[in-house]
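Here's the structure we're looking at; comments come further down.
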Amino acid sequence: MWKQGEPRLDNSLDFNLVKVVNKLRCQIGRELKHLDITSEQWGVLARLWEQDGLNQKELAEKLLKDQANTTRILDKLVKKGWVQRVDALNDRRAYLIYLTDEGKRIVQEAYPLVFTVKDKVAKGFTDLEIESLKAMLNRVLQNLG
1 MWKQGEPRLD NSLDFNLVKV VNKLRCQIGR ELKHLDITSE QWGVLARLWE
51 QDGLNQKELA EKLLKDQANT TRILDKLVKK GWVQRVDALN DRRAYLIYLT
101 DEGKRIVQEA YPLVFTVKDK VAKGFTDLEI ESLKAMLNRV LQNLG
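This is how it looks when you write it as structure tokens:
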């Protein structure tokens with residue numbers, strides 16, 4: 001908690017969360033660089049691996065990104081041949097996003113590299129501590145709406 005008169009960034013929860021996220025992005029980016037995947041692109045690819053066929057709006061919401069940023073990422077992934085946009089049958093203005101066969105191949109190649117970062121994150125924690133941390137982070141997300 002911040003005490004009035006002592007704004008110390010290094011002790012603030014929000015700043016430490018940002019540091020962790022930035023560090024994770026850098027490490028994932030480093031692991032995936034030789035595959036020409038950024039950490040942002042990885043988020044899209046991994047989400048589609050779990051839930052292929054989302055529309056752009058749903059994808060943006062699940063990634064906690066704005067639609068313009070999601071569109072830019074998708075444009076790059078389409079250009080690489082890793083995802084495709086398919087017209088939604090029930091809404092002519094919407095597209096459903098699918099991994100291509102090449103996109104599925106690249107995700108399968110990238111997953112073990114991402115797991116090396118996940119292993120670093122979990123190092124020294126018990127399963128119970130990891131579950132507690134995830135629960136606390138979910139509470140933070142709920143608090144932020």
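The sequence shown: position 109 = 109 (the UniProt record's numbering), numbered continuously.
We treat Cβ as the ideally placed atom computed from N, Cα and C, and that holds for glycine.
Since the structure is predicted, the reported quantities are computational estimates derived from the model, not experimental observations.
Using CA atoms only, rank isn't needed, just tell me which of the options is closest to residue i.
i    : options            : result
Q67  : S12, W82, A94, Q27 : A94
D101 : K65, V78, K134     : V78
If you count every other CB in all the chains shown that lies within 10 Å of the CB of residue i, and 16 or more means buried, which is it?
i    : result
V117 : buried
A60  : buried
E31  : buried
Q41  : buried
I28  : buried
I130 : exposed
Would you tell me roughly how many angstroms separate the C-alpha atoms of residue i and residue j, rounded to the nearest one?
i    : j    : result
W82  : R92  : 23 Å
V18  : W49  : 26 Å
V86  : Q142 : 33 Å
N53  : R8   : Here residue 53 is Gly; the residue named in the question, Asn, does not match the sequence. Each residue's alpha carbon lies about 45 Å from the other.
C26  : N138 : 23 Å
A110 : N90  : 34 Å
F125 : L113 : 20 Å
* **Any 3 or more C-beta pairs closer than 8 Å across the region 20–40 and the region 102–115** => yes
* Could you tell me which uninterrupted beta strand (DSSP E) segments, each at least 3 residues in length, are contained entirely in the UniProt domain "HTH marR-type" (10–142), listed from first to last along the chain? => 83–88, 91–99
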